[in-house]
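Notes follow the structure.
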Amino acid sequence: MVILRMTAPYLGKIRYGWCYSCGVPVLRGRTCPKCHSEVKKLEISPPGEVKPMFRPEMEWVTSIIDRDYGRGVGERFFGDEKIILMNKAPGEDRVDEIVMRGKIYAVMRYDLRKERFMILFHPVAFGRLQGVVSGHYVIADRGALPSILGGKNLMRPGVLDASGDIEKDDYVLILDEEGRIVASGVAKADSDEISKGKGVAVKIKHRGIEKEPPGPSADWRTFIEVNRPIIESIASKSISEIKDIVNKYRLPVVASFSGGKDSLVSLALLIEANVPFDVIFLDTGIEFPQTLDYVKRVSKYFNVDIVIIKSKDRFWRGVEYFGPPGRDYRWCCKLVKTGPITKYYTERYPNGALTIIGQRKYESSTRRYAGKLWRNPWTPKQISFSPIQEWSSLEVWAYIMYKGLPINELYTRGFYRIGCYLCPAGEAGDWERIKREYPEGFERWMSILRKYFSEEEIAKGVWRWREPPEFIKNIVVSISKVKRRGIEILSKEKINEHVLLKLNKDPRDIVKRTLYPLGDITKKEEEFIVGKTLIGKDYILGPEEDAEKAFELVKRGLECVGCGVCLGYCPSGALRLGDDEKIIIDPKLCIKCQKCLGVCPIMKL
-13 MVILRMTAPY LGKIRYGWCY SCGVPVLRGR TCPKCHSEVK KLEISPPGEV
37 KPMFRPEMEW VTSIIDRDYG RGVGERFFGD EKIILMNKAP GEDRVDEIVM
87 RGKIYAVMRY DLRKERFMIL FHPVAFGRLQ GVVSGHYVIA DRGALPSILG
137 GKNLMRPGVL DASGDIEKDD YVLILDEEGR IVASGVAKAD SDEISKGKGV
187 AVKIKHRGIE KEPPGPSADW RTFIEVNRPI IESIASKSIS EIKDIVNKYR
237 LPVVASFSGG KDSLVSLALL IEANVPFDVI FLDTGIEFPQ TLDYVKRVSK
287 YFNVDIVIIK SKDRFWRGVE YFGPPGRDYR WCCKLVKTGP ITKYYTERYP
337 NGALTIIGQR KYESSTRRYA GKLWRNPWTP KQISFSPIQE WSSLEVWAYI
387 MYKGLPINEL YTRGFYRIGC YLCPAGEAGD WERIKREYPE GFERWMSILR
437 KYFSEEEIAK GVWRWREPPE FIKNIVVSIS KVKRRGIEIL SKEKINEHVL
487 LKLNKDPRDI VKRTLYPLGD ITKKEEEFIV GKTLIGKDYI LGPEEDAEKA
537 FELVKRGLEC VGCGVCLGYC PSGALRLGDD EKIIIDPKLC IKCQKCLGVC
587 PIMKL
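All residue numbers for the sequence shown refer to the working numbering, where the first residue is -13 and numbers rise by one.
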């Protein structure tokens, strides 16, 4: 098994550390705000997007530990710890670092090949597990211990015994002849072969016994008590920034609520800023039922009306045309989010609006470089501001605890982020939980995927890419090629001062509906003349720039999914959606400014 070590992009410094005197994480600074002890750096993988581990998650991880290492091992591992963090680490699929007492005690990884989660213990956890492990262990000969502890792997001749449940590439613990745990690693053979012949038996990942950190086993109440000055300081700064931005732009204020923790905190800060605002929630039609119920709860909790913008069945109609979305083929975001939001803002806030959004730089490179304040590229009159752009995930959770805010229950069930349940940005390791939390939606999506992919491809998550990465190609026997139904350029040929674009479909049916921005339209036998461009049965001929614009308008018309993004760019109101929810251009109103070109999300795919 080759485990790729993915490198996380740098999204900002991990600011928090651990106070061993108080036994809690400290959000910022190198001195504890309460006891003034030195705060030790938290050695976790960047960007450090941690979340509290809730009771259902602890039970879930315990079941995985017990399955592999024996009954009762999970309970012994967690002990009476109350502050447990899960840190999302880079990897082929889902990887979680389990942090207690300021140290990584174990790493949980979803193995795409085995299609299950596995737990690898770190040396700081070895002491807790002594005497209770009954599975996934290998006993090393006394003579092999010096080389193991000195940095070598465990070789097959050095294996005395092994539990009978080991498969190649499983995570295992190495025991000495007295039963003490001395290392952990990856088995390179099944149980019945691990001691035979020559070669590596276990590739050692961690070795030696590390003493557990000193200090009390504190709870989350203590965490809030210690960090109260920091929480109040960063919240006060964000509230002041909201007031300043509102006063600067003098636009209607809109809180965009997604059902997640970040937008919850942004909404709470906006309420504390005491400025008039509206609240919107976009129902994409592919939300978890728990999220829809949560939106109602939040509305009642804050005593605010939340306008629900519905995408209805846009996604399901879109998937019939485009096929499943992918990380490199995100037509879904444009269709079910951008379109309805653009339409709503254009109608409700024609002169613009200031939208308060729960976005943070630690979420992605795109969000890091977006900054706190930006203009929406699809609705230029909309200004977006994130008051929590500089906050870490732990600071968000700290504020939620401090204020006692209600959270989406999905956060307690293994989810780091809340959004569309079938988002291709999710991990294959999340699908079992999605199936459990929303079985009806899960089965509906599986029935769609089975039209395009084999069961193996679905299980390995191949559908999440239009062009799968190498590590996916290396573990799947055969990868299906999903064909799109759209119009495409088959060839491009230079003819004097013109270009000839050969197409796979007849573009003529759409000419009189969408090509007016290029000029007057006349029909000549079986062809159309649009400005300087000639459009025939399977081709477009004209000056290169004009021909490419003609193709864009043809494609936009034929593949229109009614998102409405282009409507906001037309200064004369010539664009509208027909009864079939496809774009129509009124020739009497079109001033041929071409401002509607280059904005169609379809062209971005």
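Even for Gly, the Cβ is constructed at its ideal location relative to N, Cα and C. In this text the structure is predicted, and so the values were computed from the model without any measurement.
In terms of residue numbering, what span does the beta strand (DSSP E) encompassing residue i cover?
| i | result |
| --- | --- |
| ARG562 | 561 to 563 |
| THR341 | 339 to 342 |
| GLU479 | 475 to 481 |
| VAL158 | 157 to 161 |
Residue i and residue j: beta carbons closer than 8 angstroms?
| i | j | result |
| --- | --- | --- |
| VAL284 | ARG300 | no |
| SER252 | ILE343 | yes |
| LEU131 | ALA187 | no |
| VAL168 | ILE134 | yes |
| ILE588 | GLU545 | yes |
| ILE294 | ASP269 | yes |
| LEU28 | GLY88 | yes |
| ALA148 | SER181 | yes |
| VAL305 | ILE434 | yes |
| GLU35 | TYR402 | yes |
| PRO200 | TYR397 | no |
| LYS174 | LYS191 | no |
| ASP54 | MET104 | yes |
| VAL145 | VAL124 | yes |
| ALA259 | LYS223 | no |
| PHE288 | ILE257 | yes |
| ARG346 | ILE374 | yes |
| TYR407 | GLY427 | yes |
| LYS37 | SER379 | yes |
| ILE404 | TYR235 | no |
| LEU98 | ALA414 | yes |
| PRO529 | LYS541 | no |
| VAL468 | PRO310 | yes |
| ILE210 | MET387 | yes |
| GLY245 | VAL281 | yes |
| LEU115 | PHE40 | no |
| ILE526 | PRO493 | yes |
| GLU512 | GLY522 | yes |
| VAL448 | PRO455 | no |
Under 6 angstroms Cβ to Cβ from residue i, same chain only, skipping five residues before and after it: list those, please.
| i | result |
| --- | --- |
| ARG452 | GLY312, ASP314 and TYR315 |
| LEU539 | THR500 and LEU501 |
| GLY185 | ARG142 |
| VAL(-12) | Because the pLDDT of VAL(-12) is 41, which lies under 50, any placement of that residue in the model is unreliable, and the number read from its coordinates should be weighed accordingly. No residues qualify anywhere along the chain. |
| LYS74 | GLU35 and TYR402 |
| LYS578 | PRO503 |
| GLY3 | VAL12, VAL25, LYS26, LYS27 and LEU28 |
| CYS556 | CYS582 |
What are the partner residues of residue i, as DSSP defines its beta bridges?
| i | result |
| --- | --- |
| LYS37 | MET72 |
| VAL293 | ILE266 |
| PRO602 | Residue coverage of the chain in this structure runs from -13 to 591, which leaves residue 602 outside it and unanswerable. |
| TYR361 | The sequence shown places Arg at residue 361, not Tyr. ILE369, per the DSSP bridge assignment. |
| HIS192 | SER170 |
| GLY515 | For the record, residue 515 in the displayed sequence is Ile; it is not Gly. Looking at the DSSP assignment, ILE515 forms a beta bridge with THR508 and LEU520. |
| VAL485 | LYS480 and GLY528 |
| GLY186 | The question names Gly, but residue 186 in the sequence shown is Val. Paired residues: MET141. |
If you drop the 5 nearest sequence neighbours on each side, which residues of the same chain put their C-beta closer than 7 angstroms to that of residue i?
| i | result |
| --- | --- |
| LEU575 | SER558, GLY559 and ALA560 |
| GLU61 | THR48 |
| LYS478 | VAL485 and LEU487 |
| CYS18 | CYS5, SER7, CYS8, VAL12, VAL25 and VAL212 |
| GLY400 | GLU43, TRP46 and ARG419 |
| ALA445 | GLU101 |
| TYR96 | ASP79, ARG80, PHE103, GLU413, ALA414 and GLY415 |
I'd like the span of the alpha helix (DSSP H) that includes residue i, first residue to last.
| i | result |
| --- | --- |
| PRO392 | Looking at the DSSP string, PRO392 is not in any alpha helix (DSSP H), and its letter there is neither H nor E. |
| SER433 | 425 to 435 |
| ILE404 | Segment: none, ILE404 is in no alpha helix (DSSP H) and carries neither H nor E. |
| LEU544 | 530 to 544 |
| ILE444 | 441 to 446 |
| ILE327 | 325 to 334 |
| ILE458 | 456 to 459 |
| GLY60 | 59 to 64 |
| THR498 | In the sequence on display, residue 498 carries Lys and not Thr. That run of the alpha helix (DSSP H) goes 497 to 500. |
Using C-beta distances below 8 angstroms, list every residue in its chain close to residue i, excluding the 5 sequence neighbours before and after it, in chain order.
| i | result |
| --- | --- |
| THR332 | THR365, GLY550, LEU553 and GLY554 |
| ARG57 | SER120 |
| PRO249 | Just to set this straight, residue 249 is Ser in the shown sequence, not Pro. Cβ within range, chain order: ALA241, SER242, PHE243, ILE343 and GLY344. |
| ASP205 | LYS68 and ILE69 |
| GLY271 | LYS296, SER297, LYS298, ASP299, ARG300, PHE301, TRP302 and VAL322 |
Quick one: which unbroken alpha helix (DSSP H) runs of 4-plus residues sit fully inside the region 198 to 279? Chain order, please. 206 to 235 and 247 to 259
If we require 3 or more residues per run, which beta strand (DSSP E) segments fall completely within the region 73 to 147? 81 to 86, 89 to 97, 102 to 107 and 123 to 126
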